[in-house]
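Under full-length UniProt numbering, think of the first position of the sequence shown as 1, with each following residue one higher. Input: a single structure, listed below in structure tokens.
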Amino acid sequence: MSLTPQLQILLAFQQHSNEEKEQNVIRRPRLFNKRTILDNLTNEEIKLRYRFGRAAILDLHSKLKPYLDPQTKRNHAISGIGKLLATLHFLASGSFQTTVSAVSGCSQPTFSKILNQVLAGITSLAPQLLHYNMSTNNLCRIKEDFYAMAHMPNVIGAIDCTHIALIPPSDKERLYYNRKGFHSVNVQVVCDAHTKILDVVAKYPGSSHDSFIFRNSHLHDRLCQGEAQEGWLLGDNGYQIKPWLITPLLNAETQAEQRFNKSHKTTRCIIERTFGILKSRFRCLDKTGGALFYRPEKVCLIIFCCCILHNFALVHNENIDGLEDLSQVEDIDQFHPEDTPEGVLVRQQIIDNFF
1 MSLTPQLQIL LAFQQHSNEE KEQNVIRRPR LFNKRTILDN LTNEEIKLRY
51 RFGRAAILDL HSKLKPYLDP QTKRNHAISG IGKLLATLHF LASGSFQTTV
101 SAVSGCSQPT FSKILNQVLA GITSLAPQLL HYNMSTNNLC RIKEDFYAMA
151 HMPNVIGAID CTHIALIPPS DKERLYYNRK GFHSVNVQVV CDAHTKILDV
201 VAKYPGSSHD SFIFRNSHLH DRLCQGEAQE GWLLGDNGYQ IKPWLITPLL
251 NAETQAEQRF NKSHKTTRCI IERTFGILKS RFRCLDKTGG ALFYRPEKVC
301 LIIFCCCILH NFALVHNENI DGLEDLSQVE DIDQFHPEDT PEGVLVRQQI
351 IDNFF
């Protein structure tokens, strides 16, 4: 892979990893007998605590072993599966690090090192699990799946942004303060018709407009170069309409225009569903679980890893049954970029030919 924004996040995180300081360190005996507990839990209990079933966790562990297996021969070294379970519990619960370290039976500084190792391992799976494949065959499949939803043609993805709460750096509070009234990272996501995440940009502070994030993304560059192959993303009116990013009409007057808007809304709502599933599975991303108390670079890395794990869950057909539904309510930015004539023309052709 080229240095996409996602991998730039990892590089930035690694560059600053030695700067992170642990606060409120609690010294206590290490409880090594609690490190591997899958055999003592039912599959339902495992899924409730870690958001994955036993088979999926073991598969994930096998993929991450080079990053997780102990490099020491000490008798009480933390096992790779123990590291993975501690991290999954943290991502799933949204609990503070002190709580997770207590459950996993290791000190808080030790858990911090574990988290870094596991996140690095998960990031290595991005080329297989989070890669926007724009081959002709793959885009045809994506278009067919979207068309089956509400007869909107040639859709290659639904795009939107969501805010992930964090405790901001003291010298950049205003930069991270978003229009909803809290501090956050504004995260851009593109998904397919089955909630698979195709692309994610997690590096901009909460004050950044959705359209600004997209305009400065690697995906925008790919679409400008013609990789959409006569397809388009669906976005809300917070985005500037382009030949490859179609937004709804602000004032639908004719019946055809109203049918177009209805189809657009029905089709695009899958991105809100994707956000809901992502935050239901990984409560660390939902502000009801509390703001993430890490540097912005590490928060962005956590977000990126959760998106990779979201796609991994889809591979294993892991559902979120029994979890609180956090599906997002559509929240459109009141900032409306000026329409482009080329985009308006393509939208009108869609209305004339299909609605």
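C-beta: ideal position from N, C-alpha, C; glycine also.
Nearest-angstrom Cα separation, counted from L249 out to I156: 19 Å
Cβ-based neighbour list, N33, same chain, cut-off 6 Å, excluding 5 preceding and 5 following: For N33, the predicted structure reports a pLDDT of 41, less than 50, and the residue's modelled location is therefore unreliable. A value from the coordinates is still provided. Answer for N33: no residue qualifies.
Rounded C-alpha distance that separates F175 from F182: The question names Phe, but residue 175 in the sequence shown is Leu. For L175 and F182, the distance between alpha carbons rounds to 11 Å.
For Q23, the three-state DSSP class (helix, strand or coil): Legend: pLDDT at Q23 = 39, less than 50; position of this residue unreliable, no value from coordinates given.
Endpoints, beta strand (DSSP E) assigned at D160: V155 to A165
Close beta carbons around N311, own chain, < 8 Å, minus the five adjacent residues each side: L129, L130, K196 and I197
Segment contact flag, the segment 239-256 with the segment 338-350, C-beta cutoff 8 Å, min 3 pairs: yes
Cβ-based neighbour list, L233, same chain, cut-off 6 Å, excluding 5 preceding and 5 following: G157, I159 and L245
Unbroken beta strand (DSSP E) run spanning P205, endpoints: Element bounds for P205: I197 to P205.
First and last residue of the uninterrupted alpha helix (DSSP H) at residue 362: Outside the shown range of the chain (1 to 355) lies residue 362, about which nothing can therefore be said.
For K113 and G231, believed in contact at Cβ under 8 Å, the rounded distance: At roughly 44 Å, the Cβ-Cβ gap does not stay under 8 Å, so G231 and K113 are not in contact.
Euclidean distance between Cα positions of I350 and I167: 44 Å
Segment contact, 8 Å Cβ cut-off, at least three pairs: the segment 197-212 with the segment 290-304: yes
N75 versus I81 - alpha carbon distance: For N75, the predicted structure reports a pLDDT of 49, less than 50, and the residue's modelled location is therefore unreliable. The matter cannot be settled from this model.
The ligand HEM heavy atom lying under 7 Å from the CB of D286: The ligand HEM is not among the ligands present in this structure, which contains no ligands whatsoever.
Span of the alpha helix (DSSP H), counted from its first residue to its last, around L41: Taken as a continuous stretch (DSSP letters only), L41 belongs to no alpha helix (DSSP H), as it is neither H nor E.
Where I26 falls, given that 16 or more other Cβ within 10 Å makes a residue buried: A caution first: I26 carries a pLDDT of 38, below 50, which makes its placement in the model unreliable, though a value can still be read off. It counts as exposed.
Y204 vs N186 beta-carbon contact at 8 Å: yes
Alpha helix (DSSP H) runs contained entirely in the segment 282-320, provided each spans 4 or more residues: Qualifying alpha helix (DSSP H) stretches, in chain order: 296-315.
Burial state of R215 (16 or more Cβ within 10 Å): exposed
Simplified DSSP assignment, three categories, for L241: Strictly speaking, residue 241 in this sequence is Ile, with Leu absent from that position. Coil, per DSSP.
Sequence-distant residues of the same chain with beta carbon closer than 7 Å to A228, five excluded per side: I156 and W244
Pairwise C-alpha distance: P109 and L31: Here L31 scores only 39 on pLDDT, less than 50, and its place in the model should not be relied on; the value that follows carries that caveat. Roughly 15 Å between the two C-alpha positions.
Cβ-Cβ distance between K63 and L115 below 8 Å: no
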